[in-house]
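Asks: Okay, handing you the structure first.
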Amino acid sequence: MTTLPKRYVEDKALRDAAKGVLEADIEHFKATLADQGLAGRVSAQISGSVKRRISAGAQDVLAQAKETASDHRGVLAVLVGALILWFARAPLMELLGLDAADEADAEDGTIDEDQGA
């Protein structure tokens, strides 16, 4: 009987190791398939990929918004200032001595009797 070449023995050992890894992966797959059915696994994979795509799209939009905001800081400052003034309009009107009734009358074009003609 002849002895096998050293390379053949090494290749057989690698093949056996790869076969062991493959069998372990198959057993792991069977165990996870028993916990969660095939339909559940497919659904989870699809929803996961959709979430990743939406997340990637949202990150792209956020990056573009940041870039645009950094290019137009003045416009952004005016917009933020206008929003602050809009939400603080009632206290500001009171501070100036105007109230909501005077504002509504000014819009309608009517004058209260106590203010005169």
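Counting from 322, one number per residue, gives the positions in the sequence shown under our numbering. C-beta atoms are modelled at their ideal positions from N, C-alpha and C, and glycine is treated no differently. Keep in mind it's a predicted model, so treat the numbers as computed, not measured.
Measure the CB-CB distance between L317 and A390 and report whether it falls below 8 angstroms.
Replies: The shown model of the chain, from 322 to 438, leaves out residue 317, and the question about it has no answer.
Asks: Starting from L404 and walking both ways along the alpha helix (DSSP H), at which residues does that stretch end?
Replies: Within the sequence shown, residue 404 is the residue found at index 83, counting from 1. Taken as a continuous stretch (DSSP letters only), the alpha helix (DSSP H) holding L404 covers 394–408.
Asks: Residues in its own chain within less than 8 angstroms of V330 by CB, not counting five upstream and five downstream?
Replies: To locate residue 330, count along the sequence shown from 1; it is residue 9. Counting only Cβ-Cβ distances below 8 angstroms, and skipping sequence neighbours, we find nothing.
Asks: Please list, in chain order, all residues of the same chain as T324 whose beta carbon is under 8 angstroms from its beta carbon, the five residues on each side excluded.
Replies: The count along the sequence shown starts at 1 and reaches residue 324 at position 3. Excluding residues within five positions, none has a Cβ falling inside 8 angstroms.
Asks: Given this structure, state the Cα-to-Cα distance separating G439 from L335, to the nearest angstrom.
Replies: Summary: the structure shown does not reach residue 439, with the chain confined to residues 322 through 438, and so no result is reported for it.
Asks: Taking the straight line between their C-alpha atoms, what separation do you get for A345 and A360?
Replies: Indexing the sequence shown from 1 puts residue 345 at position 24. Indexing the sequence shown from 1 puts residue 360 at position 39. Distance between the alpha carbons of A345 and A360: 23 angstroms.
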